[in-house]
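Structure record follows, encoded as structure tokens.
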Amino acid sequence: MMSRTWRSGALGWGVVLGGCWAAVCVWAAGYARAEEPSGAAGEQLVPLEIKLPRPLFQGTPKHIKPAPTLEKYVDKPRPPLMVPPGLKNLALKKKVTSSDSEPIVGELTMVTDGDKEGSDGSFVELGPGKQWVQIDLEQQADLYAIQLWHYHAEGRVYQDVIIQVSDDPQFKTGVVTVFNNDFDNSSGMGVGKHLEYIEDYRGKLIDIRDEKGRPVRGRYVRLYSNGNTSNDLNHYVEVEVYGKPAS
Ligand SMILES: [Ca+2]
Ligand SMILES: [Ca+2]
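Basically the working numbering = 1-based index in the sequence shown + 3.
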């Protein structure tokens, strides 16, 4: 009698637990579905794969003081950027022009040569003050993300980083500013809302889609800077522009 009660009790709990487990599974499946990212066009998104160079220093750079306008330095792998499949680095080996056509060190071709190692011989050094480099993607394209390394042999902050996209090589018409961290307008191109950041081997990955997840269309990408926390010169190790040719 007692044993039968116990058994039916256990059976009852088994049903309850089994039911709960099924409910959890259904909830988890629903949650996973809800969390699956989709793009502006409703397509499935995948992590953007970026090959990082080897680190040249470790630990938090101590010589740069925290500020409300400076992103907090985090020495951890960054979360993946979810993008539509099939994006390519359209900047690779493409022609680079600059406000400083005769760099102090290196060549402009180094900006897009695929070499991201930050040691001597792998960066181009432009003159002091506000300077820009411009990449011609050679065709109109839908652009999703920009990954850049100014310099990563020591922790530095490059000032007034402003990035624009246009179909006009002179950047006079149809200019879209996709990044601007000139918080005090010292470069005179308008106050930027983005934060300054300390560079390391991970460089800076910038999602340039609009608030609805749509890419920016254009053929030319221009990147400004205005010196850095170690000197008033401007450097580039590599710039990658992820997108696909406009259809
Ligand atoms: Ca390079
Ligand atoms: Ca500034």
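By construction, the Cβ of each residue, glycine as well, lies at the ideal position given by its N, Cα and C atoms.
Contact test: residue i Cβ vs ligand 2 heavy atom, cutoff 6 Å
| i | result |
| --- | --- |
| S102 | no |
| Q275 | Because the chain in this structure spans residues 4 to 250, residue 275 falls outside the shown range and cannot be described. |
| S228 | no |
| D185 | yes |
| S233 | no |
| S189 | yes |
For residue i, three-class secondary structure by DSSP
| i | result |
| --- | --- |
| V136 | strand |
| M113 | helix |
| K91 | strand |
| T232 | coil |
| A148 | strand |
| F182 | strand |
| K119 | coil |
| G195 | coil |
| L73 | strand |
| V242 | strand |
| A249 | coil |
| L226 | strand |
| N188 | coil |
| Q142 | strand |
| E128 | strand |
| S104 | coil |
Nearest-angstrom beta carbon gap, residue j and residue i [assumed within contact, 8 Å]
| i | j | result |
| --- | --- | --- |
| L84 | D203 | Their Cβ separation, rounded to whole angstroms, is 17 Å, which puts L84 and D203 out of contact at 8 Å. |
| A144 | L93 | 6 Å |
| I138 | Y223 | 7 Å |
| V244 | L129 | So it is not a contact: roughly 19 Å between Cβ atoms. |
| R159 | T232 | 5 Å |
| L48 | P87 | 6 Å |
| V240 | S125 | 6 Å |
beta-carbon residue i near ligand 1 non-hydrogen atom, thresh 6 Å
| i | result |
| --- | --- |
| V240 | yes |
| D118 | yes |
| M85 | no |
| M113 | yes |
Local Cβ density within 10 Å of residue i, reported as buried at 16 or more and exposed below that
| i | result |
| --- | --- |
| R217 | exposed |
| Q134 | buried |
| H66 | exposed |
| D57 | The sequence shown places Arg at residue 57, not Asp. By the neighbour-count rule (16 or more Cβ atoms within 10 Å), R57 is not buried but exposed. |
| L236 | buried |
| A148 | buried |
| K213 | In the sequence as displayed, the identity of residue 213 is Asp instead of Lys. Classification for D213: exposed. |
| L111 | buried |
| S104 | exposed |
| T176 | exposed |
| K119 | buried |
| L198 | exposed |
| F60 | exposed |
| G121 | buried |
| V194 | exposed |
| I107 | exposed |
| S169 | buried |
Test: residue i CB closer than 7 Å to a CB of chain B
| i | result |
| --- | --- |
| T100 | The chain inventory of the structure shown lacks chain B, comprising one protein chain alone. |
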